[in-house]
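Take the sequence shown: its position 122, counted from the start at 1, is 162 in the numbering used here, and no numbers get skipped.
Glycine included, every Cβ here is placed at the ideal spot set by N, Cα and C.
Report on one structure; see the data block that follows.
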Amino acid sequence: MGIRPAKCYRDFKRPWTRQSRKKPKKGYVKGVPFPKITKFQFGNAKRSFGLKASLVSEHDVQIRHNSLEAARVSINKVLEKELGLENYFMKMRVFPHHVIRENAMATGAGADRFQSGMRLSFGHPIGTAARVHRGQAVAEVLVDPSKEAVARKALRVAKSKLPLTYAIEVERAKNN
Numbered sequence: 041m042g043i044r045p046a047k048c049y050r051d052f053k054r055p056w057t058r059q060s061r062k063k064p065k066k067g068y069v070k071g072v073p074f075p076k077i078t079k080f081q082f083g084n085a086k087r088s089f090g091l092k093a094s095l096v097s098e099h100d101v102q103i104r105h106n107s108l109e110a111a112r113v114s115i116n117k118v119l120e121k122e123l124g125l126e127n128y129f130m131k132m133r134v135f136p137h138h139v140i141r142e143n144a145m146a147t148g149a150g151a152d153r154f155q156s157g158m159r160l161s162f163g164h165p166i167g168t169a170a171r172v173h174r175g176q177a178v179a180e181v182l183v184d185p186s187k188e189a190v191a192r193k194a195l196r197v198a199k200s201k202l203p204l205t206y207a208i209e210v211e212r213a214k215n216n
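Written as structure tokens, this is what we have:
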């Protein structure tokens, strides 16, 4: 069975995040699968760049971990192909803490005999999501000012991987 559409999970509901990997007895939420996104920074972190482009959310939204991973991969692929590893720095600014659940419904002949319908329909954890508020940056790209078009292109590709709409904000570094 595949995953449900993102529209099932993109609206804010009550947070459900209490989990503990080191002390499982302290964790209220049990059996949470690891998020697909594991690395959050790419490129050259030591160099200073003159331009910062950000992907900023225009809505309050929950972004699933697999959408964040798809956006990260697409940004990194464009930047690495066009600029090389040393000429950019990319950082994902959100982390998927929120646990999302699914109450799987049985189908087929005789399903009503072993399913309880909507009674105790809490569901089991199927993944995680990041809770992003309006105006919050999802991803940042730091490049040289002459490479602004490449940064915009990378963020534009990533916008298509995420739910709802996003703006690309560009900020130049102030010379001191």
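Alpha carbon of residue i to alpha carbon of residue j, nearest angstrom
{"i": "A213", "j": "S88", "result": "10 Å"}
{"i": "R159", "j": "A146", "result": "14 Å"}
{"i": "G124", "j": "A191", "result": "13 Å"}
{"i": "M132", "j": "A151", "result": "43 Å"}
{"i": "S161", "j": "V69", "result": "15 Å"}
{"i": "N216", "j": "P73", "result": "Note that N216 has pLDDT 40, beneath the 50 cutoff, so the model's placement of it is unreliable and no number is given."}
{"i": "R44", "j": "S156", "result": "21 Å"}
{"i": "H173", "j": "P55", "result": "14 Å"}
{"i": "A179", "j": "N116", "result": "11 Å"}
{"i": "I166", "j": "S186", "result": "43 Å"}
{"i": "K201", "j": "P75", "result": "16 Å"}
{"i": "L119", "j": "V113", "result": "10 Å"}
{"i": "E122", "j": "E142", "result": "40 Å"}
{"i": "E211", "j": "F82", "result": "20 Å"}
CB contact below 7 Å: residue i versus chain B
{"i": "F82", "result": "The chain labelled as chain B is not found in the depicted structure, where only one protein chain is given."}
DSSP beta-bridge partners of residue i
{"i": "H164", "result": "E142"}
{"i": "R212", "result": "L91"}
{"i": "I103", "result": "A170"}
Residues of its chain near residue i, where Cβ-Cβ distance is below 8 Å and the 5 sequence neighbours each way are ignored
{"i": "L84", "result": "Residue 84 is actually Asn in this sequence, not Leu. Excluding residues within five positions, the ones whose Cβ falls inside 8 Å are L125, E126, N127, Y128 and F129."}
{"i": "R196", "result": "I208"}
Inter-residue CB distance, residue i and residue j (contact presumed, cutoff 8 Å)
{"i": "H138", "j": "T78", "result": "Incorrect: roughly 17 Å between the Cβ atoms, too far for contact."}
{"i": "L95", "j": "A177", "result": "7 Å"}
{"i": "H164", "j": "G71", "result": "7 Å"}
Neighbourhood of residue i by C-beta distance below 7 Å, restricted to the same chain and skipping five residues each side
{"i": "A169", "result": "Y49, Q102, I103, R104, H105, P136, H138 and I140"}
{"i": "F52", "result": "D100, Q102 and R171"}
{"i": "P203", "result": "A46, R50, V101, I103 and S107"}
{"i": "K193", "result": "V118"}
Spatial neighbours of residue i in its chain, beta-carbon cut-off 6 Å, leaving aside the 5 residues before and after
{"i": "V183", "result": "F89, L91, Y128 and A191"}
{"i": "T205", "result": "E98"}
{"i": "V134", "result": "A170, V172 and V178"}
{"i": "F80", "result": "M132"}
{"i": "A144", "result": "none"}
- request: Pair every Cβ in the region 59-69 with every Cβ in the region 107-119, then say whether three or more of these pairs are closer than 8 Å.
  value: They do not touch, by the three-pair rule.
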